[in-house]
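Residue numbers (the numbering used here), protein chains in the order written: chain X, 7 to 225; chain V, 7 to 225. Ideal placement from N, C-alpha and C gives every residue a C-beta, glycine not left out.
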DNA sequence: ACCTGAACACCGTTCAAGT
DNA sequence: ACCTGAACACCGTTCAAGT
């Protein structure tokens, strides 16, 4: 190969490294090469810098990954025109889900880290305000938020690494070990199509909002 | 220290190693020392065996962790006397949650692995059967299952590593950076008590079941 | 069939040194 | 203040060898 020379150094623009650059390039690298590509050495190499240079901007790999989480969630646009509380919530968690699904490798990375980012406070505030409007008191509103965030992130996590990777996963499923093992309802439902992660998410959101609605009324 | 001798070898009973033993001892070790203690070398040491001995019973670390996941879920008792569909579902996911919370380190480990265990088919079958009883058709029943499993595992994951580690986490929260940052609803709700993970889970389950009920009726 | 020890190609991080 | 190279104490896994 003629022009194939290893030129990894001198990738940085004129203005050197900083935390922002480290984080956004980590996201680029994760998106391109997968979560396992994010090592201190690999990221340093990608940035054309020695591994130890990173430690001037992140205090550890854990800090890097937490920073990545905040970086991602901080850039989500949660603005919404519709002021109806149900639509406000729907929009909020749709946006959150979209942002996560746009960077599955980064999400995988975050799942290895101990504490969720402070960024979760933004969707939390939005949800509490919306539920307040719906007439659901503070104590229950917090539980309502936990329901919504748990569902959304649980679904995302499932979508990213669960056994149902794509729409026609039914084939793969049937081939495994469920045949004749007493899973009749599963076998029946695996045949049908019209199922995908997004419509499943929308269904879940609607069911939750209907449940919250009813809860608000009967209070 | 007088009687302090390193005796790690010869821990195995008379009947050597096997997959079951490797998996159950991995669970013991994870419970006792945390997820980061589960390395091929560390587990081998715990079993009094050379690292390479493990490869006769698991094909890789990934296989070990997936085996651990199946081992855990397979031992959950999903039996339930109550035949009402709502109670059937409630019991199923309560049991699943309890099993996960009993082994947080194992759950953390599983989150690092690519594919969820086949074991998820058991709660899935139970849920589909219950929703069938409720009059919810196959296509929607699968979505209902996704809602329930996503919520349950999302909550568990959040509980294990989220920012609200214990009940009085409000203190820790207030000390961080939310003060005066426009999070008025959060600040208000952080003051109240009577919130804990279990009651939050029960609230979520009830809201979902109410939503599914309503969905079944209006169909 | 099952286990061992040495080796390989990696990790994250510390430390002493450079500018 | 920011970066470097060498080194340390780890990883998972391959391989050749033992019983």
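Residue i versus residue j: straight-line alpha-carbon distance, rounded
{"i": "residue 201 of chain X", "j": "residue 79 of chain V", "result": "26 Å"}
{"i": "residue 163 of chain V", "j": "residue 34 of chain V", "result": "20 Å"}
{"i": "residue 61 of chain X", "j": "residue 92 of chain V", "result": "53 Å"}
{"i": "residue 113 of chain V", "j": "residue 106 of chain V", "result": "6 Å"}
{"i": "residue 73 of chain X", "j": "residue 68 of chain V", "result": "27 Å"}
{"i": "residue 206 of chain V", "j": "residue 99 of chain V", "result": "14 Å"}
{"i": "residue 204 of chain V", "j": "residue 192 of chain X", "result": "29 Å"}
{"i": "residue 211 of chain X", "j": "residue 120 of chain V", "result": "26 Å"}
{"i": "residue 109 of chain V", "j": "residue 167 of chain V", "result": "13 Å"}
{"i": "residue 38 of chain X", "j": "residue 94 of chain V", "result": "44 Å"}
{"i": "residue 213 of chain X", "j": "residue 195 of chain V", "result": "25 Å"}
{"i": "residue 118 of chain V", "j": "residue 147 of chain X", "result": "31 Å"}
{"i": "residue 70 of chain X", "j": "residue 45 of chain X", "result": "10 Å"}
{"i": "residue 138 of chain X", "j": "residue 159 of chain V", "result": "27 Å"}
{"i": "residue 48 of chain X", "j": "residue 84 of chain X", "result": "33 Å"}
{"i": "residue 145 of chain V", "j": "residue 56 of chain X", "result": "53 Å"}
{"i": "residue 43 of chain V", "j": "residue 63 of chain V", "result": "19 Å"}
{"i": "residue 135 of chain X", "j": "residue 86 of chain X", "result": "13 Å"}
{"i": "residue 104 of chain X", "j": "residue 104 of chain V", "result": "30 Å"}
Neighbour-count burial assignment, residue i, 16 or more Cβ in a 10 Å radius
{"i": "residue 131 of chain V", "result": "buried"}
{"i": "residue 197 of chain X", "result": "exposed"}
{"i": "residue 141 of chain X", "result": "exposed"}
{"i": "residue 77 of chain V", "result": "buried"}
{"i": "residue 8 of chain V", "result": "Model confidence at residue 8 of chain V stands at a pLDDT of 32, short of 50, so the residue's coordinates are unreliable; what they give is reported in the following sentence. Looking at its Cβ environment, which holds fewer than 16 other Cβ atoms inside 10 Å, residue 8 of chain V is exposed."}
{"i": "residue 154 of chain V", "result": "buried"}
Nearest-angstrom Cβ-Cβ length linking residue i and residue j, presumed shorter than 8 Å
{"i": "residue 4 of chain X", "j": "residue 149 of chain V", "result": "Nothing in the structure corresponds to residue 4 of chain X, since chain X is present only between 7 and 225."}
{"i": "residue 102 of chain X", "j": "residue 36 of chain X", "result": "Going by Cβ atoms, the distance from residue 102 of chain X to residue 36 of chain X rounds to 18 Å, so no, they are not a contact pair."}
{"i": "residue 156 of chain X", "j": "residue 161 of chain V", "result": "4 Å"}
{"i": "residue 111 of chain X", "j": "residue 54 of chain X", "result": "Between residue 54 of chain X and residue 111 of chain X the Cβ distance is about 21 Å, and since that is not below 8 Å, they are no contact."}
{"i": "residue 187 of chain V", "j": "residue 123 of chain V", "result": "Actually they are not in contact, since the Cβ atoms of residue 187 of chain V and residue 123 of chain V sit about 41 Å apart, beyond 8 Å."}
Reference residue i, options the options, closest by Cα
{"i": "residue 82 of chain V", "options": "V:153, V:125, V:42", "result": "V:125"}
{"i": "residue 28 of chain X", "options": "X:41, X:151, X:52", "result": "X:52"}
{"i": "residue 189 of chain X", "options": "V:193, V:203, V:129, V:160", "result": "V:129"}
{"i": "residue 23 of chain X", "options": "X:151, X:96, X:98, X:58", "result": "X:58"}
{"i": "residue 221 of chain X", "options": "V:87, V:217, V:95, V:102", "result": "V:217"}
{"i": "residue 50 of chain X", "options": "X:152, X:42, X:31", "result": "X:31"}
{"i": "residue 143 of chain V", "options": "V:96, V:25, V:47, V:223", "result": "V:223"}
{"i": "residue 152 of chain V", "options": "X:152, X:151, X:165", "result": "X:165"}
{"i": "residue 25 of chain V", "options": "V:43, V:66, V:135", "result": "V:66"}
{"i": "residue 215 of chain X", "options": "X:135, X:64, X:96, X:134", "result": "X:96"}
{"i": "residue 89 of chain X", "options": "X:64, X:133, X:104", "result": "X:133"}
Pull out every residue of the region 44 to 66 of chain X whose Cβ sits closer than 9 Å to any Cβ of chain V, in chain order. Residues of the region 44 to 66 of chain X whose Cβ lies closer than 9 Å to any Cβ of chain V: none.
So if I threshold CB-CB distances at 8 Å, which residues from the region 145 to 159 of chain V count as touching chain X? Along the region 145 to 159 of chain V, going in chain order, the ones with a CB nearer than 8 Å to a CB of chain X are 145, 146, 147, 148, 149, 150, 152, 153, 155, 156, 157, 158, 159.
Under 9 Å (Cβ pairs) to chain V, residues found in the region 89 to 123 of chain X: Per Cβ criterion, the list reads 114, 117, 118, 119, 120, 121, 122, 123.
Give, in chain order, every residue of the region 206 to 223 of chain V whose Cβ lies closer than 7 Å to some Cβ of chain X. Answer set for the region 206 to 223 of chain V: 206, 209, 210, 213, 214, 216, 217, 218, 220, 221.
Could you please tell me which residues of the region 127 to 142 of chain X, in chain order, have their CB closer than 7 Å to any CB of chain V? Here the close residues are 127, 130, 131, 134, 135, 138.
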